[in-house]
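Encoded as structure tokens, the structure appears first; notes follow it.
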């Protein structure tokens, strides 16, 4: 008993020493991570900003945050504005993207802001769209299930994987499985769906009872609460908008991105540095839209970006570009690929801006026709796109029936998503502020245009009034110094005739004198 006490004390002492060393080690690791993150943050915040960020540059970089409705902008705006040969080749495929193409004017991609390291910064304008974090996470989950469910037509996972490989090897296009983040999320969800189906077929799950929660049908599909807590979701989805705008996704071009992201994931307090960089980059963008105010954002995009694109293309080649634009406006065709569904909420914090821009009354007289054509084309295109997406979605979800999605989730899950996406929540608030400022700038521009129109109208009325007054007084004439009376005019004529007469008399007398001599 006596010998056991010293041993116990020794063990306790060793544990205390080990704990102290561990604490010191953790502190050192945190300080190391803090230095790494702050170094990256300081470098990013000190990047040179374009003098006029509101002017469209030669290259438009559409930073497409997944599940924000960006595909509608790409197909229904940008592809109708830019000719096919103006789009950067294989935009959504970073591995094959070639920024050296001289006439490349449009880059649309899910890749993050780090792509700017491969672009001419001074000649590039960036636009993006953000969405409420909870809606974006739900839409990401639903789309991953929807696309993965399409593979359930195959008898097993091996067959599905082999067939996909053969199809992709023969295709020259960009597949969903080539694009971040779906190249990670779809195979993960596909494997899970086949696993659950195999378990049901082999009797592991003999009975199925319908759940009241459409996001918790675990015998058919991965439940939402399981999805958001998986390491894959933590790596790719949570705070995904912030990391994408900051250029720190797991698909980043930056060599130090992995280390910075690892530190921020491990020490959440360091997230404030990433958020600061993301906010600044939003501030420097040409346009920031909000999914929740779909119509207002689309109209603002047409006015902020669309008008400048049209003006730019007309300067390059007025005849050819205008003709090609008219052809694209009349066409509502689009490439069927990853089409975003619109799960926008009806309410928004930007009611005043929404009310102004949803009416479409935002352009000057010279631009009305062009913007009107663009918005009309957009509405036709998005209607067709949504119908196609609805058909594909319905067909896919039949394969995982009775699983369905209603956007109604338990409060506990809702709050957990908010907590896991705290950076995105703050970034979205900042985007709302920018969105309102954009609206106010355009409203001010419209007010100024109306003021100039009134001034021009007043000048025109004044000129007309003067002309009418002159027509009423026929004895009034105008010279370069202003109006003169009839008497003044007659006197001037008389003086002129007298001078002519004197000159004639002088010449005659000279000739007479010469003859006498």
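Numbering (mature numbering (1 follows the signal peptide of the UniProt record, and there is no 0)), first residue to last: -23 to -1, 1 to 494.
The C-beta atom is built at its ideal place from N, Cα and C for all residues, glycine as well.
Subject >> Whole-number beta carbon distance between residue 379 and residue 130, since they are thought to touch under 8 Å >> reply: So it is not a contact: roughly 19 Å between Cβ atoms.
Original post:
Straight-line CA distance for residue 33 to residue 8?
Top reply: 41 Å
**OP:** Report the option in 258, 210, 374 whose CA atom is closest to the CA atom of residue 40.
**Re:** 258
**OP:** Under the assumption that residue 225 contacts residue 234 (Cβ atoms under 8 Å), give the Cβ distance between them as a whole number of angstroms.
**Re:** 5 Å
Original post:
Relative to the C-alpha of residue 108, which residue among 159, 216, 416, 439 is closest?
Top reply: 216
Subject >> Bridge partner(s) assigned by DSSP for residue 267 >> reply: 107
Subject >> Own chain, CB closer than 8 Å to residue 83, minus 5 neighbours either side, in chain order >> reply: 36, 37, 39, 55, 59, 63, 64, 65, 68
Original post:
Rounded to a whole number of angstroms, what is the C-alpha to C-alpha distance between residue 147 and residue 136?
Top reply: 17 Å
Original post:
Going by C-alpha distance, which of 419, 22, 408 is nearest residue 279?
Top reply: 419
Subject >> Start-end ranges of the beta strand (DSSP E) lying completely within the region 351 to 375, minimum 3 residues >> reply: none
Original post:
Where does residue 117 fall in DSSP's three states?
Top reply: helix
Original post:
Taking contact to mean at least 3 C-beta pairs separated by less than 8 Å, is the region 205 to 212 in contact with the region 98 to 105?
Top reply: no
**OP:** If I'm right that residue 153 touches residue 111 with Cβ under 8 Å, what's the distance once you round it to whole angstroms?
**Re:** Between residue 111 and residue 153 the Cβ distance is about 24 Å, and since that is not below 8 Å, they are no contact.
**OP:** Compare the beta carbon distance of residue 30 and residue 263 with 8 Å and say whether it is the shorter of the two.
**Re:** yes
Original post:
Any idea what DSSP makes of residue 279, helix, strand or coil?
Top reply: helix
**OP:** Might you give, ordered along the chain, the residues of its own chain that have their beta carbon closer than 7 Å to the beta carbon of residue 14, omitting 5 neighbours on each side?
**Re:** 237, 240, 241, 247, 250
Subject >> CB contact flag (residue 164, residue 213, <8 Å) >> reply: no
Original post:
How would you write the range of the beta strand (DSSP E) that residue 83 sits in, first residue to last?
Top reply: 83 to 86
Original post:
Who are the Cβ neighbours of residue 26 in its own chain at under 7 Å, not counting the five residues just before and after it?
Top reply: 261
Subject >> Delimiting residues of the beta strand (DSSP E) encompassing residue 39 >> reply: 36 to 40
Subject >> Start-to-end residues for the alpha helix (DSSP H) that takes in residue 382 >> reply: That residue, residue 382, is in no alpha helix (DSSP H); it is neither H nor E in DSSP.
Subject >> Close Cβ partners of residue 101 (< 6 Å) along its chain, the five nearest in sequence each way excluded >> reply: 34, 36, 38
Subject >> Nearest to residue 281 (by Cα), restricted to the options 412, 406, 229, 170 >> reply: 412
**OP:** Could you tell me the distance, in whole angstroms, from the CA atom of residue 351 to the CA atom of residue 360?
**Re:** 14 Å
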